[in-house]
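Written below as structure tokens is the structure these notes are about.
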Amino acid sequence: MRPFSSFVLAAAALLCGGSVAASVGEEYGWWGPGQEGSFPAVADYPNAEGTLRTLLVGAPVETADHPFFAPIGPSGRACITCHQPSDAMGLSVETIRRRWEETAGRDPLFAAVDGSNCPILPQDRRESHSLLLDHGLIRIQRPWPPRDGADRPVDPDFDIEVVRDPWGCNSGSEYGLRARQPSISVYRRPRPVANLKYLTAVGFAYDPKQGLPLPRDPETGELISGNLMADGRAGTLHGQIRDAAPTHLEFFDEMSREQRLRIIDFETRIFTAQYRHRIGGRLDDFGAQGGPDVLARSEPGQLGSIGRAVWSEFEAWENIPADAPISAEERAFKQSVARGARTFRERTFLITDSAGINSPIGFGNPVRNSCVFCHNMTMMGNDVAPGQVDLGTTNLPFADPAPHLPLFRITCRRDPHPHYGRVILTHDPGYALTTGRCADVGKITLQSMRGLSARAPYFANGSATDLRAVVDYYDRRYDIRYTEQEKQDLVNLMSVL
Amino acid sequence: MTRASALAALAALASAGAAEAQSVRFVACPIYRDTDAGRKSGCWLADEAASGIRYDVSRSPTQPDWNFEILIEGEPADEPDTACGGRVLHPVRVSVLPGACTRHMLPAEGHPGRRFVLPPRNVRPLSEARPPLEGPATTRTFHILFDFNRAFLVYQLSDYLFDQAITYIRSADPRRIVVTGHAATRPTLVSGRELAEDPAIAEARASLIREALVRMGVPEDRIVVRTRTEADIVAAEGADGLAEPSRRRVDILVEVAGTQEQARRPGGGAPSRPAGQ
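Order-wise, the sequence lines are chains A and B.
Under our numbering, the residue at position 146 of the first sequence is numbered 217, and the numbers go up by one with no gaps.
Under our numbering, the residue at position 172 of the second sequence is numbered 194, and the numbers go up by one with no gaps.
Quick look at the structure:
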């Protein structure tokens, strides 16, 4: 693998006239907390599918004492620990494993608080960190009874019991429902902290899934997009930091507004996407518009079905001139990506029993549609409306077997769940841990779809080890019966986002 | 409602009398026909037990869930039944009821289904400016309609109606807004059973609309909330002339200082009957 620093240098020389300090960085591009320097305006990072590029628009960011980069808590961690530039500002399991090997498990990433399966386990053993090392999962501890996005207590309409607790964090005396401060621990993948203007964009004033206008941020009075965090517990980037600091960083002092603003300033200026593919070459040639540049320049929050179609960035590759100077292999790959974009939009199947889509909104159960029905935002593939949908990734019987995860039994107290009935078995109640409603059990906020090649595994619980596994999950879940070609086209498309 | 608008409502219904006579209202288990003319092109059918007629209910804003009974309210349209293989109801409303059904799916059997067309009642993105109010603001009532026993803004129906109301409110600067939640609590006999809405749904609807107004920036102290059971029939734009669905509603009375409500067709914008799609 090519060293990180040479990539930064090359990109910097090419695009920014060398204004970027090719700071530091180890072989594979690990950006450690406390690492000082100027965050590169443009940097390229190799991954198995090709090259990811990050763009920082606007003024340079000095990382020294910057609250996103500096280890402000006692654990030696910073936000950057779990949101790595080389990993599309998320964190791949590959990086996690390499970190474990290189530091003999001593990197602050593996801190007991949430970098282990449960803090009560012996921390020096690999198996105590197996969820992170094998599935890329961070422990997320949510209060029970639930608290909503504004941290107000919610009276839930369901009861929760622990069916299986492999690590002791849900049923012990220190952590879990019987602890002094009752809580539920679920395990989730870090979400990418880039291209955030798309996740905070508000396209419409209404949330059709909730049958209400969007809520407003009490601080600013602005409408809230509802597209942050798997369970929607933080409505805004400020709210997200308030959630992250005391948990991931064990930083219990109130972070100052100035510190939060510095974090948000950085978060909202960083864009990322795959930039080159190992076979497909450049992603922005022959009229295509792959790569992060166009993301930084475009208006977020557009609905693909009434504006620019989702992944139409690659449409031009449908008609690469016959005499174009490219290899047959590269041409075939690019054409596959273009077909994949069409398959994503146009190949329909019956979507069934997915709350948020098939209920309570009146699309019908089933409803014939395609991937783009839910992944509908132009250029990002998240949902323009708040994206809380139960795909079944965490709810039985649709979830893949996951003996390593806790299992909860939810009993709805009032109306039964429209698709599961009164009792639901789930690995992660998702949005219901924020709303307290059994109708929301297993709803997970759609992620952005950029930089996927840099941040496997996929889905909030890491259940899809690679992009093929994502497609296979959908194929099983909705009995799609994709052809082998369609599957490969979808995988190729997603590998260049 | 003022006396004038009540009279107008009755007059509108009387003139719709002919259609009214043949309108259907029944409860059934839905049947999904898996036609494929692209996204959202599947067909929904329902057999009326009393007549034995198979109806095509696909044009309802709310589509069925194949696991639950539905209440169908509609008017047979003068259209061939080829698209889905059932007598077309249009306008039509489907409400999902709690009763369980066995899911049933038919193959397309040569029926093409209907290509999805964006319905005329769709909320525009925030990036599109709303047309400004024409003429001086007056006191007006907006009717926001609901499915049976539900307090949920129906996608591409009541969200659109509400958006019209809020757009009007923003330019009219009303001194007071009276939100009246209605529940159709008087039992009616449908497919051999008595159907009546829960009286509590009036309150649930009213507080939903109140919350919606507040989220859209209306000061709380300008909103007055009321409820009514035994809801009456009104000529609501969103009901497309269907009587029973017009009972299930919230009235948003926008009181503009110094003006009286005019007897006029509420809504504006979209046609009072759905345009053929």
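Glycine is no exception: its CB is placed at the ideal position from the N, C-alpha and C atoms.
Since the model is a prediction, treat every value here as computed from it, not as a measurement.
Problem set entry | Chain-ordered neighbours of A/Thr-419 on chain B, where CB pairs are closer than 7 Å | Asp-58, Gly-60, Arg-61
Exercise. For B/Gly-96, which beta-bridge partners are listed by DSSP?
Worked result: B/Val-46, B/Val-114
Exercise. On the three-state DSSP scale, how would you describe A/Lys-558?
Worked result: helix
Exercise. Can you list, in chain order, the residues of its chain whose CB lies under 6 Å from that of A/Asp-560, leaving out five sequence neighbours each side?
Worked result: Ser-407, Arg-410, Gly-411, Thr-414
Exercise. So what does DSSP say about A/Val-234, is it helix, strand or coil?
Worked result: strand
For this session: Would you kindly report the start and end of the unbroken beta strand (DSSP E) that includes A/Gly-121?
Result: 121 to 127
Exercise. For B/Ser-193, which residues of its own chain have a beta-carbon under 6 Å away from its beta-carbon, when the five flanking residues on both sides are left out?
Worked result: Leu-155
Exercise. Which one or two residues does DSSP pair with A/Ile-335 in a beta bridge?
Worked result: Note: A/Ile-335 sits in no beta bridge, so no partner.
Exercise. Taking the runs of the beta strand (DSSP E) that are 3 residues or longer, which of them lie wholly in the segment 286 to 352 of chain A?
Worked result: 341 to 348
Exercise. For the segment 214 to 237 of chain B, which residues have a CB atom closer than 8 Å to at least one CB atom of chain A, in sequence order?
Worked result: Leu-230, Glu-233, Ala-234, Arg-237
Exercise. Got a sec: is the Cβ-Cβ distance from A/Arg-259 to anything in chain B below 8 Å?
Worked result: no
For this session: Enumerate in chain order the residues of its own chain whose CB-to-CB distance from B/Ala-297 is below 7 Å, with the five nearest sequence positions on each side excluded.
Result: Low confidence applies to B/Ala-297: its pLDDT is 33, below 50, so where it sits in the model is not reliable, and the reading given next is rough at best. Here the set comprises Pro-142.
Exercise. Which chain B residues sit within Cβ distance under 9 Å of A/Ile-285?
Worked result: The sequence shown places Leu at residue 285 of chain A, rather than the Ile named in the question. Within chain B, the residues near A/Leu-285 are Arg-237.
For this session: Tell me, please, whether the CB atom of A/Val-273 is closer than 8 Å to any CB atom in chain B?
Result: yes
For this session: May I ask you to verify whether the segment 292 to 299 of chain A touches the segment 164 to 176 of chain B, counting CB pairs closer than 8 Å and requiring at least 3?
Result: no
For this session: Using a Cβ cut-off of 7 Å, pull out every chain A residue sitting near B/Tyr-177, in sequence order please.
Result: Pro-279, Ile-432, Gly-433
Problem set entry | Under 8 Å (Cβ pairs) to chain A, residues found in the segment 80 to 105 of chain B | Ser-82, Pro-83, Thr-84, Gln-85, Pro-86, Asp-87, Trp-88, Asn-89, Phe-90
Problem set entry | Sequence-distant residues of its chain with Cβ nearer than 8 Å to A/Met-451 (five each side left out) | Asn-266, Tyr-269, Leu-270, Leu-366, Pro-371, Ser-519, Met-520, Arg-521
For this session: Would you grab the beta carbon distance between B/Gly-18 and B/Arg-55 for me? Rounded to a whole angstrom, and I think it's under 8 Å.
Result: A question about residue 18 of chain B goes unanswered here, because the residues of chain B that appear run from 23 up to 299.
For this session: Round the Cβ separation of A/Glu-384 and A/Gly-361 to the nearest angstrom and send it over; I've been treating them as touching at under 8 Å.
Result: 6 Å
Exercise. Based on Cα-Cα distance, which residue from A/Ala-272, A/Val-184, A/Pro-396 lies nearest to A/Ala-316?
Worked result: A/Val-184
Exercise. Hey, how far is the Cα of B/Val-110 from the Cα of A/Met-160?
Worked result: 52 Å
Problem set entry | C-alpha distance - B/Gln-85 paired with A/Cys-442, whole-angstrom precision | 20 Å
Exercise. Taking B/Arg-136 as the reference, which of B/Thr-249, B/Glu-101, B/Thr-210 has the closest Cα?
Worked result: B/Glu-101
For this session: Compute the Euclidean distance between the alpha carbons of A/Leu-462 and A/Gly-186, then round it to the nearest angstrom.
Result: 26 Å
For this session: With DSSP collapsed to three states, give me the class of A/Ala-92.
Result: For A/Ala-92, the predicted model reports a pLDDT of 34, less than 50, meaning its position is unreliable and no value from the coordinates is stated.
Exercise. So, is the C-beta of A/Ala-92 closer than 8 Å to a C-beta in chain B?
Worked result: The predicted position of A/Ala-92 is uncertain, since its pLDDT is 34 and thus under 50; no value can be drawn from it.
Problem set entry | A/Asn-390 (DSSP reduced to helix, strand or coil) | helix
For this session: Name, please, each residue of chain A whose Cβ falls closer than 7 Å to the Cβ of B/Val-145.
Result: Phe-275, Tyr-277
Exercise. If A/Gly-303 sits next to A/Gly-220, beta carbons under 8 Å apart, how far is it from one beta carbon to the other, in whole angstroms?
Worked result: 7 Å
For this session: Output yes or no for whether 8 Å exceeds the beta carbon distance between A/Asp-228 and A/Gly-513.
Result: no
For this session: Would you check if the distance between the CB atom of B/Val-256 and the CB atom of B/Val-201 is smaller than 8 Å?
Result: no
Problem set entry | Rounded distance between the beta-carbons of B/Val-145 and B/Tyr-182, thought under 8 Å | 5 Å
Problem set entry | Per DSSP, cross-strand counterpart(s) of B/Trp-66 | B/Tyr-54
For this session: Please confirm if the segment 547 to 559 of chain A is in contact with the segment 55 to 64 of chain B, defined as three or more CB-CB distances below 8 Å between the two stretches.
Result: no
For this session: Return yes when the Cβ of A/Arg-480 is within less than 8 Å of the Cβ of A/Val-494, no when it is not.
Result: yes
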